[in-house]
Structure formats: structure tokens, C-alpha cells
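To start, the structure under review is shown below, and the notes come after it.
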Amino acid sequence: MTSPAPTTTAAGRDPVAPGRVAVVTGAASGLGRAMADRFAAEGMRVVLSDVDAGGVRDAASELSERGADVHAVVTDVSRGEEVDRLADEAFERFGAVHVLCNNAGVVKSARAWALTVEDWQWVLGVDLWSVIHGVRAFVPRMIAQDDGGHVVNTASMTGLLPMPRLAAYSAAKSAVVALSESLFHDLHAEGIDIGVSVFCPGFVATRITDSARNRPTALAATAPASGRRTVEGVQATLTADDAAGQVVDAVRTGRFWVLTHDEYREVVLDRARGVGTDALPVVPPVW
Ligand SMILES: NC(=O)c1ccc[n+]([C@@H]2O[C@H](COP(=O)([O-])OP(=O)(O)OC[C@H]3O[C@@H](n4cnc5c(N)ncnc54)[C@H](O)[C@@H]3O)[C@@H](O)[C@H]2O)c1
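Going left to right, the sequence shown walks through residues -2 to 284 as this note's numbering numbers them.
Here it is in C-alpha cells:
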């Protein structure tokens, strides 16, 4: 038996209303920066967080100059104690958190068998443990404030279509999809007015291909890239701002799946239809 899923927050509250509070990780660049811009443009108060101290302060200053009420926190989201501190600062500064975007991420491209232990630790730390820490550190307090809310976890198309040369990334992003679905079920089962979306972008031109810029030296040992990860034949048909607009819309409407690129939808369905049959894994269209 399946129970019907809600399509909007139970009480119909809009988590994106002016004065409400959004927290965005990975907010110094790309999709996170675009989400922070969008939330600020809606009149929300925004906590921008990133491991890139200069970048996140610059982003916060720019938003502040435009009149937004923002706060920058330097956080390495792979570290639980730093995410706890981010939550402490967000609640201390603004008294509430309504929208949490667990968005920071990195990618390492190499053949599955060549990835080093440090590659796995880095990618799983930033792409998966960050979301685990975010849910653990924020959601109990969001429940306790009893004022509605929404959690957006950034996965990837790779979370639905595991791709070659991206075993660690695909593993992390698939786990983010699974975690998001379980979180949704748990909140729904308890009748809690907090929505969940899993953000699965296709290719968007950001600085993701230059992820190594923030790699900690303690996890420096890495596999040689087995050929350049390519996006041949794939145009960045969507800007980060467009994709962030889809996120805002999903938060407003309580949509769970945020698949930015329509062209992947049929491939995802093909893969789903193959599960449990003799079909071999579907070859994804990119990378
Ligand atoms: N751009 C794409 O095509 C694409 C596609 C699918 C999914 N994604 C996902 O979108 C998210 C945002 O990536 P993006 O494309 O904007 O890339 P980006 O590199 O432009 O931005 C990622 C941000 O995360 C920050 N970051 C890296 N390590 C961190 C850490 N340990 N703690 C805190 N912050 C850290 C970086 O400093 C950067 O500001 C990631 O989760 C990525 O996996 C991107």
C-alpha cells in the first residue's frame, strides 16, 4: 500500500516569503550563489556558507550592497562540528531557518578502480557527509520552531544515472537521492510541515570542473584523470540562475524532484524500467 504524497507543505505556508531565512552551502560560486541571489531577491534573509572564505564574504557583501540582510559563515561542510556551528550561527543571527540548501559539492573524475582512498574521502565527505550533517544539525531545530520549512539537497543527474569516470561522485549523489527520499517519508509520516526537494541538475556551466581548488592538502593523494571528463555534445543550455529559479519554484510548490533538463527524463525512466530485468545499465548521454 502506498499513501498519497503531499504536493505542497501541509499548512500551505510559503517558505520563500520575505523575512524568512534561507541557508545555502557552497554559496560562493555557481548554483549555490545563484540560489542565494534568488532567495535574497525574494526578500528572504540569507546565510551564505562556503569553505572559500574570500568568495563567500564577497558574495555576501554584494548581496548586502543590494539591500539584502545576509550573513556569511566559513564552513567546511564535510566536518560535522563545522556544520553544527553553521546551524548555531544561523539560528543565533536570524532566530529561525526556513529553507536549508545542502548544496556544496566537488567532483573527481577517474576510472572507478583508480580512485584513491583520499579521492573517496574527499568526494563522499563534501558531497554526502555534508548532507548528512546538514540534516542532523538543522532539521531537529527546524521541526522545533514549528513554522514550516523546506530542505533542498543538491544531488545531480549522476544520482539517477551513474556515469563513467564518476564512481565516487555517482555513489555520493545516489546516496543523496536516497537520503532525501527517506527524509521526505519520515517527515510526512510524522505529519511535519517541512518539505523536501532533491535537486538533480544536468550540466550547468559553473566552476565544478575546477573543484580541486578547494581540496584539502591532507586529502591530496589522487588518481590521475583517465582522460579529460568531457561534456562533448552537451551545451550548457541552462544558466545557474535559471536552475536556481527551478529550485525556488520547487520549494514554493513542494515539488520533490527537480530535474533541470528535460532531455534526461526519458533516460532516467529507461534506467528505472531496466532495474530488475536482464537489461545492462543504460549508457548516460554525457560525460
Ligand atoms: N554544475 C553542474 O553541471 C552540476 C551538475 C549536477 C550537480 N551539481 C552540483 O551542484 C552543486 C554546486 O556545484 P556548482 O556546479 O555550483 O560548482 P561550483 O564549484 O561553482 O560551486 C561549488 C561550491 O562549493 C564549495 N565547496 C567545495 N568544497 C566545500 C566544502 N568542503 N565545504 C563547503 N563548501 C565547499 C566551493 O567553494 C564552491 O563555492 C554541487 O553539489 C554539484 O555537485 C552541479
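Think of the CB as a built atom: it goes at the ideal place given N, C-alpha and C, for glycine as much as any other residue.
The structure presented is a predicted model; accordingly, all values stated were derived computationally and were not measured.
Contact check between the region 98 to 112 and the region 53 to 69: fewer than three CB pairs, one atom from each, fall below 8 Å, which does not count as touching. At least 8 Å separates the beta-carbon of Val193 from that of Val96.
For Ile205, the Cβ falls inside the 7 Å cut-off from some heavy atom of ligand 1.
Comparing alpha-carbon positions, the option among Gly77, Arg138, Pro198 lying closest to Gly156 turns out to be Pro198. Checking the 7 Å criterion, the Cβ of Leu125 is out of range of every heavy atom belonging to ligand 1. The beta-carbon separation of Ala25 and Asp47, rounded to 4 Å, stays under the 8 Å limit for a contact.
Counted as a single uninterrupted DSSP element, the alpha helix (DSSP H) harbouring Gly52 occupies residues 50 to 62. For the region 95 to 177, the continuous alpha helix (DSSP H) assignments of 4+ residues that do not extend past its boundaries occur at 114 to 121, 127 to 142, in sequence order. Taking C-beta separations shorter than 6 Å and ignoring five residues to either side along the sequence, the partners of Arg17 in its chain run Met41, His95, following chain order. Exclusion of the five residues before and after Arg90 leaves His68 as the residues of its chain whose Cβ lies within less than 6 Å of its Cβ. A buried status is given to Leu45, since no fewer than 16 other beta-carbon atoms sit within 10 Å of its beta-carbon. Look at Ser208: its beta carbon is less than 7 Å from one of the heavy atoms in ligand 1.
With respect to Val43, Ala33 sits close: the two C-beta atoms are nearer than 8 Å.
Relative to ligand 1, the nearest heavy atom lies less than 7 Å away from the CB of Asp73. When the five nearest sequence neighbours on each side are left out, the beta carbons in the same chain lying within less than 6 Å of the beta carbon of Ile140 are those of Ile189, in order along the chain. Nearest neighbour of Asp183 by Cα position, chosen from Ala84, Val132, Pro159, Gly242, turns out to be Val132.
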